[in-house]
Amino acid sequence: MRILVVEDDKDVAGFVVKGLREAGHVVEHTGNGRDGLFMAASENFDAIVLDRMLPGGVDGLRLLETLRGQNNHTPVMFLSAMAQVDDRVKGLKAGGDDYMTKPFAFAELLARVEALTRRGKGDAPTTKLVAADLEMDLLSRSVKRGGQKIDLQPREFRLLEFLMRHAGQVVTRTMLLEGVWDYHFDPQTNVIDVHVSRLRQKVDKPFPQALIHTVRNAGYMLRAEEV
Amino acid sequence: MSDVAHAEPVIGQAATRRLTAPRLLKSAGFRFGVIYAALFGISAAALAAFLWWSTAGLLERQTVAAIDTDSDAMVTVFLAGGVGGVREAIRDRVTGNIDDDAVYLLVDQHYRPVEGNLNAWPQHLPMDEDWGELKLDRAGVPALMQVHYFDMPGDYHMLIGRDVAVRSQLGRLMTGALLWAAAIALVLGSVGAWAVRGLFRATIADVSATAMAVSAGDLSRRVTVAGADDEFDLLAETINDMLDRITRLMDGVSQVSNAIAHDLRTPITRARARLEDAATHAGTAEVLKAAIERGIADLDGIVGIFQALLRISEIEAGARRSAFAPIDLGPVLSDLVELYDAVAEERGLRLVADIATPLPAFGDRDMIQQAVANLLDNALKFSPDGGEIHLSAHESAGRLVIRVTDQGPGMPEEDMKRATERFFRGETARNTPGSGLGLSLVQAVAQLHGGDIELSDAHPGLDALLTLGLRPASAARPALLAAALRAKPQPASRS
């Protein structure tokens, strides 16, 4: 995927660019808002990682607003030290697709950026999600694995749906908390782990092959093949 | 450097300011005094004028009216009965005039007396007017007469007068009295003006002295509430409320800086030590990597503390009140219970919920979620195996009451009071993970919602009672004050 990183801090930018390249993405970088706007408007990117406070007279918010004003809908991930709830709201209102605050863990950034690019594709509404022998019917809200029906609670269903929509991608605990529960705070207890473990009991335990995997220092991933 | 040393010159300045003349003219207290004196003077003058008009003035008007009536009567008599009739009428009147306070004189064209109780036509009457005052010597007694003289048909001239000694006496009396009254009014007006100015200054002085002391740094000063429950008391209470809030915010700021100085030092020291130790002593790449990862985890913990601190101050600053909206807390709390129920079950605990539905509230959904989540986090953390956690939520007396009870070790009385302080960790909590910020956040959320958090002993365990106002607290108070001020004049005008 082609990703544009607009970030003026050299160390942070270098770290992000290196990490994204290692993850197999093609990355362009600029440390200047004006250049960032030019590049974002003139080239095709799958996602943009955007700092809010930028030199060059165009800050992140203006850059994004201009871009959206030109009907450019490239997914944008804000990466900012402005961490207040209002800042976040402002960023999302301006057309940002996600908002991360500094300092951040790279695994979280990578997982979220990859989730963004996935969101951009496949506009047609899906009615069925499939991963290996696991099938989810979104209309009848039923789940089958290897032809065997699995009974899930509504919340477990949504948790599995989220994992299946992001199959093959790392999904962090924060992403699950936001995406499945719509919570924007960090519980002290390992609530997500408990819920995932319950889901595993139903989805993975009775079957020889596990689908929900724990990714160390990052979160979870639903994938068909063993690594 | 002491704040008091700064306060001295400021107050000194105000004192000299009070004494200079141009300042005096600008002073609102002086203006009120002058306005009072002017109003008092005008009222006194109006009263005096009315008194004069209704006494001395009335006498004069009566005299003039009597003379006028007499004159008209004489002319009528002349037209009916000629000179003879007039002479007879004059004689009648002179004899009938027991008080001897009237003069009549009829003269011919050569001003020779024809009839009357006056010997001769007075010398000094100006002939171009027909009213005048005449000094007479009547039987050795000097008298002042108001006279009217006019031409009669047939070249006769007539003079009719009345003694006005009483009037002039009364006039002198009145003038004297009014002069005295004016002097007294001047004194009373000045004293009153001074008193009004003093009253005004006294009312303002306390407020201004308090404000000056506060701006000089003494945040403990408060405006005295007189207890009269009037507009000034309302103002004083409002100012005091404002000062309380400022104090709380200031305390928060200094608490946070203290906390950063002391409580963040520990995890930072730990992280630093680990990294330095790894840098100098790590034998293999694996050991080094593990040390770095632990260092990162330590830093993440520190970042977490920072974020919690910032979130609390963000909430305390009230900046997020814009996100307040009517919400149904029923499903919000049920979702939370569902989220934590799994964890409770995992740990062999029972989470029992009793949530009223619907549970309409007014506030910030995310904040209330986080506050209740913190309470549940705590309850889970301190519950013994097999214990029960109760969460109940209902509306009571116009407030939302959310109660979380556990069966853990509870908290000593003195810890309960300090539990909402930032970084405070009770003895029993020392060995559990946590930053000591959870309840601070709960309290900040509660206060923003016009409520509070109360901790009590559940025998055994801890009972956390979170109350939330159904509407934001600060919006209510100015409205209350405005309503009170609007309502004030009514009872006054009725009395």
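Quick note, the sequences are listed as chains A and B, same order. Sequential numbering from 444 applies to the first sequence in the working numbering. Sequential numbering from 21 applies to the second sequence in the working numbering. Even for Gly, the Cβ is constructed at its ideal location relative to N, Cα and C.
Residue i (DSSP reduced to helix, strand or coil)
i                      : result
residue 300 of chain B : helix
residue 147 of chain B : coil
residue 513 of chain A : coil
residue 648 of chain A : coil
residue 630 of chain A : coil
residue 603 of chain A : helix
residue 482 of chain A : helix
residue 344 of chain B : coil
residue 118 of chain B : coil
residue 533 of chain A : helix
residue 591 of chain A : strand
residue 609 of chain A : coil
residue 153 of chain B : strand
residue 523 of chain B : Here chain B covers residues 21 to 515 and nothing more, so residue 523 of chain B does not appear.
residue 282 of chain B : helix
residue 638 of chain A : helix
residue 230 of chain B : helix
residue 482 of chain B : strand
residue 457 of chain A : helix
residue 663 of chain A : strand
Classification of residue i by the beta-carbon crowding that lies within 10 angstroms, buried from 16 upward
i                      : result
residue 171 of chain B : exposed
residue 569 of chain A : exposed
residue 518 of chain A : buried
residue 157 of chain B : exposed
residue 204 of chain B : exposed
residue 169 of chain B : buried
residue 527 of chain B : Past the boundaries of the shown model lies residue 527 of chain B; chain B is included only from 21 to 515, so the question cannot be answered.
residue 479 of chain A : buried
residue 488 of chain A : buried
residue 668 of chain A : exposed
residue 600 of chain A : buried
residue 638 of chain A : buried
residue 161 of chain B : exposed
residue 285 of chain B : exposed
residue 363 of chain B : buried
residue 588 of chain A : buried
residue 165 of chain B : buried
residue 49 of chain B  : buried
residue 70 of chain B  : exposed
residue 247 of chain B : exposed
Cross-strand partners of residue i (DSSP beta bridge)
i                      : result
residue 489 of chain B : B:419
residue 136 of chain B : B:125
residue 180 of chain B : B:124, B:168
residue 492 of chain A : A:448, A:520
residue 414 of chain B : B:421
residue 578 of chain A : A:573, A:587
residue 544 of chain A : A:523
residue 476 of chain B : B:483
residue 380 of chain B : B:348
residue 560 of chain A : In the DSSP output, where bridge partners are listed per residue, residue 560 of chain A has none listed.
residue 366 of chain B : Answer by DSSP bridge pairing: none, since residue 366 of chain B is not bridged.
Residue i CB to nearest heavy atom of the ligand FAD below 7 angstroms
i                      : result
residue 528 of chain A : By its list of ligands, the structure shown contains no ligand whatsoever, and the ligand FAD lies outside what it can speak to.
Pairwise C-alpha distance: residue j and residue i
i                      : j                      : result
residue 334 of chain B : residue 473 of chain A : 32 angstroms
residue 592 of chain A : residue 574 of chain A : 15 angstroms
residue 347 of chain B : residue 456 of chain B : 29 angstroms
residue 455 of chain A : residue 483 of chain A : 20 angstroms
residue 628 of chain A : residue 252 of chain B : 45 angstroms
residue 146 of chain B : residue 217 of chain B : 56 angstroms
residue 320 of chain B : residue 241 of chain B : 42 angstroms
residue 572 of chain A : residue 585 of chain A : 11 angstroms
residue 377 of chain B : residue 633 of chain A : 28 angstroms
residue 508 of chain A : residue 640 of chain A : 41 angstroms
residue 458 of chain B : residue 552 of chain A : 27 angstroms
residue 616 of chain A : residue 630 of chain A : 10 angstroms
residue 17 of chain B  : residue 143 of chain B : Because chain B is modelled from 21 through 515, residue 17 of chain B falls outside the range shown and cannot be assessed.
residue 513 of chain A : residue 457 of chain A : 29 angstroms
residue 113 of chain B : residue 85 of chain B  : 17 angstroms
Practice item. Report yes or no: do three or more beta-carbon pairs, one from the region 422-435 of chain B and one from the region 478-486 of chain B, lie closer than 8 angstroms? Key: In short, these stretches touch, since the Cβ pair count reaches three.
Review point. When the Cβ atoms of the region 382-392 of chain B are set against those of the region 652-666 of chain A, are three or more pairs found closer than 8 angstroms?
Key: Contact between the region 382-392 of chain B and the region 652-666 of chain A is absent, because fewer than three Cβ pairs lie under 8 angstroms.
Check your understanding: Between the region 607-617 of chain A and the region 555-562 of chain A, are three or more C-beta pairs nearer than 8 angstroms?
Key -> When Cβ pairs closer than 8 angstroms are counted between the two stretches, the region 607-617 of chain A is seen to touch the region 555-562 of chain A, the count reaching three or more.
Practice item. Please determine if the region 173-187 of chain B and the region 110-128 of chain B are in contact, where contact requires at least 3 C-beta pairs separated by less than 8 angstroms. Key: When C-beta atoms of the region 173-187 of chain B are compared with those of the region 110-128 of chain B, three or more pairs fall below 8 angstroms, so the two segments count as touching.
**Study point:** At least three beta-carbon pairs within less than 8 angstroms, the region 466-474 of chain B to the region 396-409 of chain B
**Key:** These segments do not touch.
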